[in-house]
Structure formats: C-alpha cells, structure tokens
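Trainee:
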Amino acid sequence: MQVTITVNGAVHSREIEPRLLLIHFLRDHLGLTGSHWGCDTSNCGACVVWLDQIPVKSCTVLAAMADGRAVRTVEDLEMKGAGEAGGGRLDPVQQGFAVCHGLQCGFCTPGMMMTARWLLDHHPAPTASQVREALSGQICRCTGYENIVRSVLWASTHPDGEAEATA
Amino acid sequence: MTQQPAAGAYGPVRRKEDARFIRGRGQFVDDIQLPGMLHGAILRSPLAHARVVSVDTAAALAHPRVEAVITGQDLAERGLSWMPTLSGDVQAVLATDKVRFQGQEVAFVVAQDRYSARDALELISVEYEELPCVVDAGRALDAGAPLIRDDLTGKSDNHIFDWQAGDKAATDAVFAAADVVVAQDLVYPRSHPAPLETCGAVADMDVISGKLTLWSTTQAPHAHRTIFALVSGLAEHKIRIISPDLGGGFGNKAPVYPGYICAIVGSMVTGKPVKWMEDRSENLMSTTFARDYRMHGEIAATADGRILGLRASVLADHGAFNGTAQPSKFPAGFFHIFTGSYDLEAAHCEVTGVYTNKAPGGVAYACSFRITEAVYLVERMVDLLARELSADPAELRMRNLLQPEQFPHRGPTGWEYDSGNYPRALQAALDIAGYPELRREQAERRERGEYMGIGISFFTEGVGAGPRGQMDMLGLAMTDGADLRVHPTGKAVLSVSCQSQGQGHETTFAQLVAEELGLSPDDVDVVHGDTDRTPFGLGTYGSRSTPVSGAAAVVVARKVRERAKLVAAAMLEVGPDDLTWQEGKWRVRGDPDQGHGIAEIAMAAHSGLELPDGVEGHLDAATVYNPPNLTFPFGAYICVTDVDPGTGEVRVRRFIAVDDCGVRINPMIVEGQIHGGLADGIGMALMQVIAFDENGNCLGGSFMDYLLPTSVECPSWELGMTVTPSPHHPVGAKGIGESATVGSPPAVVNSVIDALAPFGVRHADMPLTPAAVWGAIQGRPVRAGLLAP
Amino acid sequence: MQVPAYVEYEKATSVEHAIALLVRFGPEARILAGGHSLIPMMKLRLAQPETLVDINGLGELSFVTVTDGELRIGALTRHAQLLDAPEAGQHFAILHDAERVIADPIVRNWGTVGGSLCQADPSEDLSAAFAALKATMVIAGPDGTRTVPARDFHTGPYETVAGHGELLTEIRIAIRPGGGSSYVKVGRRVGDWPVGAAGAAIWLSDGTIADAGIGLTAVGAEHFSAAEAEEFLRGSPPTEESFARAGQIAAEHCTPSSDQRGPAEYKLHLVRELTARALHRALARANGQQD
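Chains as they are written, first to last, in this note's numbering: chain A, 333 to 499; chain B, 6 to 794; chain C, 164 to 454.
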C-alpha cells in the first residue's frame with residue numbers, strides 16, 4: 333500500500349506492506365536510526381516517537397496507521413540552525429541529559445527525551461514524582477533513573493537551555 | 006574524609022560520547038546498513054529436551070525472498086556445528102542430535118528482508134522426539150535422571166564439577182566450639198542481564214580479500230576474534246571485530262552466541278553481508294542468564310556476637326551447556342569471597358555444578374564473577390545471626406568488620422584484600438540514614454500496625470581480573486594493552502582493548518591520559534571496540550576496565566611522558582636528570598620558567614631536532630598491563646522499605662549508598678554507575694526472575710513477565726563516599742561498575758525481612774513479589790527457583 | 164524483532180463503512196483501533212487476521228460526554244483522554260483510578276477504551292470497572308444498533324458478544340445519586356497486569372446501601388463481577404463489617420489460577436482484601452470525602 337507520512341516536517345511517500353511497523357518504517361525505510369526498539373511488547377519505550385504530537389510506542393503502531401499523520405523523532409529535537417553554519421541548537425532536554433549525566437549507553441535516551449519534551453510542553457514545571465510517572469512506561473538499564481529525572485528537571489528550569497549549546 | 010586528589014583533569018566533566026547519543030546519532034549494530042545486506046533469523050526449539058529427528062527446509066527455501074537456510078547438518082559438514090564455551094565446554098551452534106533447552110538454535114534463515122526471514126521460519130518443519138527433561142537442579146543428580154549431555158564421550162550423569170575453598174577441618178572445629186550457629190537455605194534465583202539492546206551482529210565476508218568484518222554486540226572484541234579464529238579456521242588476521250556503540254551489556258555480551266556464527270556462515274554462503282538481531286524473547290530465553298544458585302549457609306558466633314566462621318554449600322545450575330564466563334581456574338567464579346567484610350577465624354565453601362535443560366550461562370549481570378551470590382549469602386546470614394542474638398544488625402556488623410589496620414588482609418578462603426576502611430564507610434551510611442531516628446520511627450509505626458523495614462548490607466568486591474598467572478579465559482591471560490600516540494600538535498589518540506557499553510570510557514580514559522600529560526581531556530581521543538585499531542586485551546566485564554585498561558592507559562601515558570622528558574632535555578640542552586615534571590611541563594630544576602609542555606615536545610619529537618641515542622623520534626608508546634592483584638572496592642548500603650501486610654506490596658522509601666572505589670576519576674560517571682546498580686538491587690530483590698514450568702518452558706520470556714524496575718519503583722538514591730586508594734593501581738582507583746548490583750539486593754531483602762519481623766518471618770527468597778511477601782507472612786514462603794505453586 | 168505476518172489493510176471512513184468492510188472481508192477481518200492489544204498478538208503470530216479494518220479515523224467514536232443523565236464514552240477514546248476527562252472522574256472516580264494503573268502513560272496515549280474491552284483479556288482493568296458500574300455497551304452492526312449490559316458483553320476469555328460485522332461504539336453509564344466508586348489494583352510493578360484488582364461502586368440512600376457493584380479483575384470472577392456479594396450489600400449498612408463480608412462472599416465465587424503472579428490462595432485473599440478496600444474508598448467518596 334502507499335502511505336504518505338510527514339516525518340520531522342518532511343513528507344515521505346512510500347510503498348509498504350500493511351504489516352510494516354512504524355519503527356521499521358523510520359529506521360529501515362527512512363534511515364532514521366535514532367529511535368530504537370528493545371522489547372517487542374511495548375514495555376520498554378526505546379521506540380517512543382510522537383504521532384500527531386502525542387508520544388507513542390512505535391513498535392506497536394503500524395506505519396499504515398500513521399498514513400496522513402505527522403511523526404516526530406529524536407532527530408528533530410535539535411532546532412535547525414538559521415545561520416549559514418547550519419549549526420543546530422540543542423533542545424534544553426538534550427542539554428539537560430548531557431549536563432546531568434542522564435544517559436550511559438544511550439539506547440533508551442531518544443525515547444526518554446521524546447517523552448520528556450512532551451511532558452515539558454504540557455507541564456512546564458513538573459515535580460520529580462510527575463517526571464517519574466511520565467517516564468514509567470520506559471525502561472533504562474543503566475542510570476537507575478535518578479539522573480534522567482534530574483535531566484528533565486534541569487530542562488524545566490532552563491527553558492532556553494544554556495547560553496551556549498553544549499555537547 | 007576523602008583522599009581524592011585535587012582536580013586536574015579529573016572531575017565531573019561532561020561525557021564526550023553524549024554528543025552523538027542525545028542527537029540520536031549513536032551507531033548500534035542494528036543501525037548498520039550495508040549495500041546488499043541480507044537478514045537472518047533463527048528457528049528455535051519449542052521443547053526443553055528432544056531428539057531432532059529431521060529438519061525439512063524445502064518450503065522455506067522455496068520462499069521467493071529466502072537466500073539460504075542453514076541447519077545443524079550443514080554446519081556439521083563445515084565442522085562448525087559445535088563451538089567452545091568460555092568454560093571449556095562445548096555448545097551446539099545449531100542442533101544436530103538433540104535440543105537441550107527451550108529456545109535452543111535449530112536452523113538459520115537468510116532472506117532479503119527481516120520480515121521474510123521471520124516468515125520463512127514458519128515454513129521449516131522439524132520433527133522432534135520429546136525426551137523427559139531436568140528442570141529442577143535439585144533432581145539433576147538423581148539416579149535415573151535424564152542424561153542431558155550424551156554428546157560428551159563417557160558422560161553418564163549431569164554433573165559438571167565439584168569445587169571447594171577454605172579449610173574444612175578448621176571451619177568444622179570453629180563451628181563445633183561456637184556458642185551460636187544459624188543456618189538457612191537461600192535461593193539466588195535465575196536472572197537475566199537484559200540490556201536494552203539485544204544481541205546481534207552484521208557479518209561481511211569479503212570473498213576477494215578473504216577478510217571477515219563482524220560488527221557485533223560484544224564486550225570482548227579481541228577475545229571473540231580469537232574464538233572465531235579457533236572455531237572457523239579463518240586466519241585471525243583476516244578477522245576484524247567491530248563493537249560499535251553497545252546498548253548496555255552487563256555481562257550479557259561477553260559470550261560468543263550461536264547467532265554470531267550463523268551470521269558469519271550466512272555471509273560465507275551467500276557472499277553478501279548478513280545481519281542478525283535477536284528479538285527480546287530470544288535474548289531472555291537463550292542468551293546467558295545469571296545466578297541460579299541454591300545455597301545453604303551457616304554462620305557461627307560467640308554468644309556475645311563475635312562472628313567466628315562461615316560455611317556454605319551450593320548447588321549451581323549451569324543450564325544445558327557450561328557457558329559460564331569466568332577465569333578458568335575458578336569454576337564457581339569468585340564465590341569463595343563469601344566471607345565478605347568480616348574478620349573470621351575460618352570459612353569453607355563447596356560448590357557443585359550441574360546441567361539442566363535450561364539456557365546456558367550463569368556468570369553475567371554485573372555479578373563480578375559471582376560475588377553477588379557471595380555477598381547475598383553472607384549479608385543475609387549476618388542479619389539472621391543478629392535476629393538470633395537479638396542484636397542490632399548495624400552494631401553486629403560494626404563489631405565484626407575488618408579494621409583498617411588489618412589491610413592488606415588475607416581472608417580464610419585465599420583472597421588478599423588490598424585496602425579498606427570499613428567502619429568509616431558503615432558509619433557514613435548510618436549517619437546519612439539517621440539510623441537511630443529510623444529505628445525509633447520503626448518502633449512507633451509498629452505500635453500503629455505499620456510495617457517499616459531497615460535493611461543494611463556491607464560488601465567487599467574483588468574486581469579487575471586479574472594477575473595473568475592466576476586468571477585467564479580459554480588460556481588467554483586477563484591482561485590488557487594500551488597504545489598512545491601523540492600527534493605533532495600535541496593531540497593524542499589512546500587505543501584500548503576494553504569496550505564501553507555505556508561506562509563512558511571515551512571520557513574517563515581521556516581524563517586519565519590528560520592528567521598524566523598535562524593536556525585537556527578534549528585533546529585526547531579514545532579508540533576502542535575495533536580489533537584492527539586497538540591492541541589485544543580481554544575486554545570489559547567484571548568491573549575490570551578502570552582497574553586493568555585504565556591502569557594500562559596511565560602506564561602508557563607515563564611511558565610517553567618519560568619519552569617526552571628525553572626530547573625535552575634535548576630541546577633545552579640539559580640532561581634528563583635536570584628536569585622535573587611540574588604543572589604539566591618538563592621544567593628545569595631550579596629554573597622552572599624553562600620548560601616545555603607535551604604539545605611543544607611532540608612537535609619537536611616529530612621535527613629534525615637531534616635526539617639522544619635510543620630515542621627514535623615521534624611521541625608514542627605501547628604497554629600491556631598485568632594487574633598485581635584485584636582491586637577491592639567496598640561499601641555500606643541501607644534500604645528503608647514500607648510493607649503493606651494486607652497485600653504484600655513493598656515500597657522502597659529510601660536507599661542510602663556509601664561506596665568506596667578508591668580515587669574517582671570522573672565522580673559524575675562513578676555515581677551514575679552506582680545509580681544503575683542500585684536499580685538492579687530493587688529489580689533483583691522485588692521482581693526479576695526467569696522461572697520455568699515443570700516441562701522446561703521458560704516463563705520469563707518477555708518484558709511482560711520478566712519485570713525490570715521503572716522510575717517509579719526506584720527512590721531518589723542518597724549517595725555518600727569514602728576514598729581508600731588502591732595501593733597497587735597506578736592512580737589508586739578501583740572498579741565500580743558492579744558494586745551496587747552486588748551490594749544492593751541483600752539490603753533490600755534485609756529491609757523487607759526486617760519489616761516482617763513482627764510476623765516471625767526469618768527469611769523469604771527473592772523476588773519478594775507481593776505474593777511472596779504475603780506468603781511469608783502466612784508462614785508459607787514461596788520458592789522462587791521454579792514456578793510458584 | 165518480532166513482526167506480524169502478512170495482512171491486508173483497509174481504512175474505515177465511518178462507522179457504516181467499517182461495518183461494511185467487516186462484512187465484506189468476513190470472519191478473518193479484525194478491527195484495528197489503538198492496536199496495543201492486537202499488534203503484540205500479531206507479532207507473536209497468535210493472531211493472524213487476514214484483513215485489518217483501521218477505525219482510527221473515526222473521530223465520531225472519540226468522546227467523553229454527559230448526556231441525559233448518562234456518562235457516554237466513545238469506543239475510540241484513548242485511555243489518556245478518559246483519564247483527562249473531568250466528567251468521568253467527577254461522576255465515576257473508579258474510571259480514573261483504573262486508567263491510572265492501566266499499562267503506562269505512553270501506551271495509554273494510543274490504546275483505546277473500546278479496544279481494551281473487546282480484547283476481553285481476563286486481566287484487563289476496564290472490564291471490571293464497567294462491570295462494577297453496571298454500564299451498557301452500545302454495539303453497531305449491519306442491522307443497526309443494540310445495547311448489551313457490560314456484564315453480558317464478555318462471554319469468556321478473549322470472547323465477547325460482538326459478532327462478526329459488529330463494532331462496539333460506546334459505553335454508557337447511568338449517573339445515579341448518592342454514588343461513589345473506586346478501583347484498587349495489586350501488581351508486581353507499575354505497568355504490570357494485575358495480580359488481582361477490585362472495583363467497587365455503591366449508591367447510598369438514607370444511610371444504607373441502595374445498590375452496589377463489584378468488579379473483579381484477573382481472579383476468575385464470572386463476568387468480571389461479584390453478584391452474590393452485591394446482593395448481600397444491598398440494604399446493608401455501609402460498615403467495615405459489611406465490606407469484609409462482601410469480600411468474603413466475592414472470594415467464595417472466584418476461581419483464580421496459580422501462575423507467576425501468585426498462587427490462587429493469594430489471589431483469593433486479594434479478592435477479600437481489595438474488595439473491602441475498594442468499598443471503603445467508594446463509601447468515602449459517596450460521602451463526599453476527597454481522597
């Protein structure tokens with residue numbers, strides 16, 4: 333079947349099998365390998381992307397279901413630079429993860445950041461326990477979560493990020 | 006309290022590797038796309054024990070997008086159907102005679118895309134003749150138990166090894182004379198490391214050059230290269246292993262798995278690159294598990310609370326193939342460090358290993374070669390003794406800990422602990438916790454019918470294997486190389502044999518070199534994970550990177566610095582002995598303004614400057630580090646829980662962790678490592694278990710059944726630290742990667758059991774699920790090793 | 164990664180269109196809503212439908228409103244929408260209690276109320292919540308619309324009365340005075356399926372229990388409910404003793420099975436314990452007490 337999906341602002345039309353999972357559409361068909369998969373059973377959240385502005389687990393959504401919709405992935409978090417250098421400006425969430433050591437192996441990080449960005453868009457000043465609740469459908473095996481929580485809280489208190497983009 | 010050196014290049018600097026990860030630009034194995042790449046999938050046994058009568062691949066081969074189907078028979082014709090394990094056993098790559106656990110590899114499909122490869126698995130028909138299976142390790146040695154390893158010549162039972170350590174006679178004598186002896190059976194249930202990225206590989210056999218490139222999820226690329234050479238007969242210089250970014254490892258990515266071999270053979274057969282990535286169920290059901298120790302512990306003490314001796318006997322379930330990964334002279338790993346942190350007169354342990362019809366493995370999951378099991382045993386036994394003596398568990402520990410002046414300390418089972426100040430660490434944890442106040446609160450709550458627990462554990466780790474004479478894997482000594490090259494402009498590249506799975510080596514190792522050479526960490530790049538670009542070494546597991554590779558990085562940097570001294574002497578036209586290293590420069594004694602830093606010296610070393618005899622020019626060095634001993638990090642943990650006796654639910658309210666890992670190179674990374682391990686303690690103690698039913702069906706084959714802790718179960722960790730430098734590590738550092746995973750489970754369990762004391766509960770096995778806690782309160786503890794009754 | 168088997172796909176543009184597609188493609192067609200129950204089953208190849216009829220475009224099935232004394236919830240309402248809907252929580256706190264513990268926040272963003280109910284998993288929380296509330300299911304089919312009591316909707320594990328060509332469109336709950344409700348769940352971890360869970364709704368009149376509903380999850384309760392315990396409660400005083408007795412009666416009619424989550428004995432205990440706790444909290448809410 334033919335699908336047309338807007339991914340990170342760019343329109344992509346592809347011929348696909350209806351059974352194709354959205355995560356594979358993004359990774360294998362578009363080469364956007366920032367979103368990962370870790371579990372098959374929608375328990376780990378490594379595959380979280382936005383579908384029409386809402387975080388979803390893209391291992392449990394068919395690409396066909398995204399037809400005509402907009403998807404946002406980790407690759408879109410860095411704001412595109414306007415200047416000729418084209419240098420992007422990191423999202424405060426990205427900065428927060430670097431500042432607060434919110435990642436180790438980096439595998440869960442894109443999914444965590446996509447949820448965090450959504451949370452802060454809708455609840456700009458969450459408490460630590462609200463952050464924990466928001467991330468409770470996502471597994472991190474490295475950090476014990478503490479620094480992820482701190483990273484999100486850092487981003488909430490630095491809505492414009494650092495003076496200079498870091499990392 | 007701390008002897009941490011003033012920060013030069015050390016300190017909580019941000020990680021270099023984060024720049025790519027936060028942009029979604031890490032490169033993990035499944036991210037690799039090669040032109041013409043094919044996809045593999047493995048057909049696995051649905052049965053735990055069965056004879057393979059026939060494998061019919063015709064329908065699968067007829068699938069229009071299938072390029073090859075490989076069976077055990079096909080591999081046998083190439084001599085590849087069996088491979089060596091890290092414990093000197095053999096393991097089937099694809100089954101030829103029997104399947105011996107549910108999930109064992111039977112056939113390998115290579116197709117043009119991953120969906121078709123999966124589809125084709127359903128087109129292979131395998132005829133099995135089901136055999137009775139051994140699931141319960143306790144029945145493995147029964148007369149008449151089904152024989153699992155009939156492939157081994159002369160094998161007539163399921164016994165693997167008997168092993169012991171310590172002085173049995175002396176221990177028996179101590180126990181006979183003791184006032185108090187407490188005994189307890191304890192199960193450390195089967196668990197799984199479950200890194201978020203599963204295992205996989207991309208094999209690319211270049212038929213023209215004869216060179217195999219394998220991108221794979223390996224924590225030990227060099228050791229794997231040697232194993233592949235031994236298995237396949239390929240010349241070792243024609244094998245390049247690239248371990249790109251790894252999505253966690255925790256020991257799961259130390260062994261060689263059949264899938265890697267299948268991917269290689271698939272590429273050889275098709276002449277194209279072949280990718281194989283296991284799914285989560287495959288990862289949980291077939292790759293290396295952890296623990297699965299049934300232990301009987303006994304502790305002897307005087308009536309007034311002096312601990313005299315420990316005894317342990319263990320039945321170790323190794324699954325269908327002995328695939329444990331530990332130094333080969335230690336079949337039970339380092340379990341015999343089970344005397345923990347205490348000053349004992351005698352100790353003895355014996356371990357029997359057996360085969361069962363379950364997945365192979367046994368040493369994995371941040372366990373420091375089974376120190377997890379050892380620490381769990383001793384820390385539960387000390388708590389049981391405290392209960393028996395009506396003693397406070399903190400006071401009992403404080404009274405029996407080794408004292409600072411006893412180091413270096415040779416324990417009764419042979420370990421020489423390098424350094425420690427244990428009472429200081431325990432006191433620090435008690436202070437952070439506000440221990441007396443917690444005990445008061447607990448008493449008040451009990452009056453109100455509320456059940457709060459306070460659990461303590463104190464652990465000593467032994468990490469950084471190892472001295473080459475004592476520790477090897479498959480005959481490869483556990484040493485690690487490092488190469489350091491300083492470019493003319495003073496920028497340096499360090500190549501190391503270890504491989505990060507998230508530990509931040511690119512940052513920490515740059516800091517180590519920068520500190521020695523007076524550079525900024527930004528001026529040092531760290532190359533790892535590519536056997537063509539790095540020196541040989543045994544890799545990253547057992548918390549050995551900083552103790553071994555880190556030491557190698559320091560030693561090689563010091564070698565370069567000594568070379569630089571000779572060059573600087575030539576530049577300054579003085580003798581080398583006239584120079585002193587001060588504030589990042591070689592300076593003339595008595596005239597410190599005269600001197601050169603590494604950048605100036607590097608340029609000179611590459612220039613036409615006339616160099617002293619024996620100095621070849623350029624600025625580089627290589628080394629191989631052979632650690633004189635393990636390093637012995639330690640720590641004191643306190644866990645506070647609240648238990649709802651009506652439902653059995655446990656909430657971890659607080660967790661205090663004081664770790665001493667010697668000098669901290671990057672304290673931010675060290676704390677991150679500790680945080681992760683503490684979450685493992687919550688998981689292990691409360692929810693993680695790989696269980697089986699009586700037919701050998703795995704009941705923990707997905708993240709719906711194998712539960713890992715989330716942000717909600719984990720409290721905000723409260724960390725403290727002490728610093729007792731290792732006397733033999735070049736910068737006084739000790740390993741930290743596994744301390745918290747080793748030390749935290751007994752703190753959680755001790756806390757829950759403490760909460761349940763008013764119900765008369767002495768012990769309950771992990772995982773302490775609501776059902777298990779409720780059962781314990783009813784006096785019916787649920788055994789965790791097998792399916793709940 | 165596990166992947167589904169080959170399947171055909173149709174996108175429905177209206178309820179009528181969805182029904183027509185279901186009729187056209189026959190019994191091997193399945194409705195695809197959020198997919199968070201169906202797609203995992205397809206990945207495991209335990210479900211291999213021939214055709215998926217995607218109803219995600221049917222905005223008319225996504226609503227939470229109060230009309231004519233009823234709370235009405237569209238079948239395509241995402242769990243997160245129900246959790247965010249103040250009307251739902253105001254009248255039936257049990258729905259927010261249950262939604263807060265269904266899967267996790269991300270799954271709730273896309274999984275649907277109707278999808279959960281139609282999956283008919285014995286461990287699914289909303290089935291018990293709606294059973295406790297004595298809700299009514301509205302089912303559309305080729306011959307028009309029919310309504311079925313929530314307790315008659317499920318005919319067994321993974322089976323409902325919705326026949327071939329039929330589509331659950333909404334759930335209706337009558338708003339009655341003097342009511343309070345709650346849902347209490349025990350899992351091994353946040354996001355886990357329940358080891359056991361109980362929902363309770365009570366309606367008070369003149370200081371006694373005029374009516375009561377009890378919903379039970381994952382404990383082998385027929386129709387996710389405890390009719391005998393409800394019968395006992397009707398006309399009883401709302402006391403801890405009554406609640407404990409109700410829990411006892413409920414447990415007498417459950418047949419849970421032992422599994423990794425716990426032995427049957429424990430689950431029966433949970434029926435007693437959680438039923439009483441849910442009733443206790445429902446009473447507090449009926450009396451206007453805030454949590």
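Yeah, the Cβ is synthetic: ideal placement off N, Cα and C, and Gly gets one too.
Here the structure is a predicted model, which means the values were calculated and not measured.
Residue 313(B): buried (16+ other C-beta within 10 angstroms of its C-beta) or exposed?
Mentor: Counting Cβ neighbours within 10 Å, residue 313(B) comes out buried, since at least 16 surround it.
Trainee: Is residue 393(A) near residue 387(A), with beta carbons less than 9 Å apart?
Mentor: Their beta carbons are not under 9 Å apart, which means residue 393(A) does not touch residue 387(A) by this criterion.
Trainee: Do the CB positions of residue 271(B) and residue 279(B) come within less than 9 Å of each other?
Mentor: The answer is yes: Cβ separation under 9 Å.
Trainee: First and last residue of the alpha helix (DSSP H) that includes residue 206(C)?
Mentor: Start and end: 201-206.
Trainee: Going by beta carbon distance, what residues of the same chain come within less than 6 Å of residue 515(B), once the five residues before and after it are set aside?
Mentor: Answer for residue 515(B): 526, 529 and 531, listed in chain order.
Trainee: Once DSSP output is grouped into helix, strand and coil, what is the label at residue 758(B)?
Mentor: It is helical.
Trainee: Please report the straight-line C-alpha distance between residue 416(A) and residue 91(B), rounded to a whole angstrom.
Mentor: Low confidence applies here, because residue 416(A) scores a pLDDT of 49, under 50, leaving its location unreliable and the question unanswered by this model.
Trainee: Determine which residues of the segment 447-462 of chain A have a Cβ less than 8 Å from any Cβ of chain C, and write them out in chain order.
Mentor: Result list: 447.
Trainee: Let me confirm a value: residue 209(B) is counted as buried when at least 16 other C-beta atoms fall within 10 Å, else exposed. Which label applies?
Mentor: Buried, since its Cβ has 16 or more Cβ neighbours within 10 Å.
Trainee: In chain order, what residues of the same chain have a beta carbon less than 6 Å from the beta carbon of residue 133(B), not counting five sequence neighbours either side?
Mentor: Once the five neighbours on either side are set aside, the close Cβ partners of residue 133(B) are 52 and 55.
Trainee: Let's test the definition: count the other Cβ atoms within 10 Å of the Cβ of residue 307(B) and tell me whether it reaches 16, buried, or not, exposed.
Mentor: It is exposed - the Cβ of residue 307(B) has fewer than 16 other Cβ atoms within 10 Å.
Trainee: Counting only runs that start and end within the segment 296-340 of chain C, where is the alpha helix (DSSP H) found for 4 or more residues in a row?
Mentor: With a minimum length of 4 residues, the continuous alpha helix (DSSP H) runs that stay inside the segment 296-340 of chain C are 313-316.
Trainee: With which residues is residue 667(B) paired in a DSSP beta bridge?
Mentor: DSSP lists 738(B) as partners of residue 667(B).
Trainee: Does the CB of residue 442(A) have a neighbour CB from chain B at under 9 Å?
Mentor: Yes - at least one Cβ of chain B is within 9 Å of the one on residue 442(A).
Trainee: Can you check which of these residues, 334(B), 296(B), 338(B) and 346(B), is closest to residue 322(B) by C-alpha distance?
Mentor: Nearest C-alpha to residue 322(B): 296(B).
Trainee: Where does residue 414(B) sit, in a helix, a strand or coil, going by DSSP?
Mentor: Reduced to three states, the DSSP call for residue 414(B) is strand.
Trainee: Can you give me the C-alpha to C-alpha distance between residue 419(B) and residue 468(B), rounded to a whole angstrom?
Mentor: Between residue 419(B) and residue 468(B), the C-alpha separation is close to 15 Å.
Trainee: Answer yes or no: does any C-beta atom of chain A fall closer than 9 Å to that of residue 354(C)?
Mentor: It does; some Cβ of chain A falls within 9 Å.
Trainee: Give a yes or no on whether 9 Å exceeds the smallest Cβ distance from residue 135(B) to chain C.
Mentor: It does not: the Cβ of residue 135(B) has no partner Cβ on chain C nearer than 9 Å.
Trainee: List the whole-angstrom C-beta distance separating residue 689(B) from residue 333(B), where the pair is believed to meet the contact cut-off of C-beta under 8 Å.
Mentor: 27 Å between Cβ atoms; not a contact.
Trainee: Looking at C-alpha atoms only, which residue of 267(C), 266(C) and 225(C) is the closest neighbour of residue 248(C)?
Mentor: Nearest of 267(C), 266(C) and 225(C) to residue 248(C), Cα basis: 225(C).
Trainee: Nearest by alpha-carbon distance to residue 568(B): which of 611(B), 595(B) and 546(B) is it?
Mentor: When each option's Cα is compared against that of residue 568(B), the closest is 611(B).
Trainee: For a cutoff of 9 Å on Cβ pairs, would you count residue 436(C) as touching chain B?
Mentor: So, interface residue.
Trainee: Pull up the distance between the alpha-carbon of residue 484(A) and that of residue 124(B), whole angstroms please.
Mentor: The straight-line gap from Cα to Cα measures roughly 41 Å.
Trainee: Could you tell me the alpha carbon to alpha carbon distance between residue 395(A) and residue 352(A), rounded to whole angstroms?
Mentor: Whole-angstrom Cα-Cα distance: 6 Å.
Trainee: For the segment 709-721 of chain B, enumerate the residues whose C-beta is nearer than 9 Å to any C-beta of chain C, in chain order.
Mentor: Those would be 709, 710, 712, 713, 714, 715, 716, 717 and 718, in chain order.
Trainee: Looking at the secondary structure, which residues open and close the alpha helix (DSSP H) in which residue 257(C) lies?
Mentor: Where residue 257(C) is concerned, the enclosing alpha helix (DSSP H) stretches over 256-263.
Trainee: What residues from chain C crowd round residue 779(B), counting only those whose CB sits closer than 7 Å?
Mentor: Under the 7 Å cutoff, chain C gives 429 and 432.
Trainee: Residues of chain C with CB closer than 7 Å to the CB of residue 128(B), please, in chain order.
Mentor: What residue 128(B) touches in chain C: nothing, since even the nearest Cβ is about 12 Å away.
Trainee: Report yes or no: do the segment 344-360 of chain B and the segment 151-167 of chain B share at least 3 C-beta pairs separated by less than 8 Å?
Mentor: Result yes; three or more Cβ-Cβ pairs closer than 8 Å.
Trainee: If the cut-off is 9 Å on Cβ atoms, which residues from the segment 496-515 of chain B count as contacting chain A, listed in chain order?
Mentor: If the cut-off is 9 Å between Cβ atoms, the segment 496-515 of chain B has 505, 506, 507, 508 and 509 near chain A.
Trainee: Below 9 Å between beta carbons is the criterion; list the residues of the segment 372-383 of chain A that meet it against any residue of chain C, in chain order.
Mentor: Those residues of the segment 372-383 of chain A that come within reach of chain C (Cβ to Cβ, closer than 9 Å) are 372, 373, 374, 375, 377, 380 and 383.
Trainee: What residues match up with residue 644(B) in a beta bridge as DSSP calls it?
Mentor: Paired residues: 460(B) and 660(B).
Trainee: So within the segment 210-253 of chain C, which uninterrupted alpha helix (DSSP H) runs reach at least 4 residues, ignoring any that extend past its ends?
Mentor: Listed in chain order, the complete alpha helix (DSSP H) runs (minimum 4 residues) inside the segment 210-253 of chain C are 242-247.
Trainee: I need the straight-line Cα distance from residue 428(B) to residue 477(B), nearest angstrom please.
Mentor: Each residue's Cα considered, the two are about 34 Å apart.
Trainee: I want to check one thing, is the minimum distance from the CB of residue 255(B) to the heavy atoms of the ligand GDP below 8 Å?
Mentor: Of the ligands one can find in the structure shown there are none, so the ligand GDP has no counterpart to examine.
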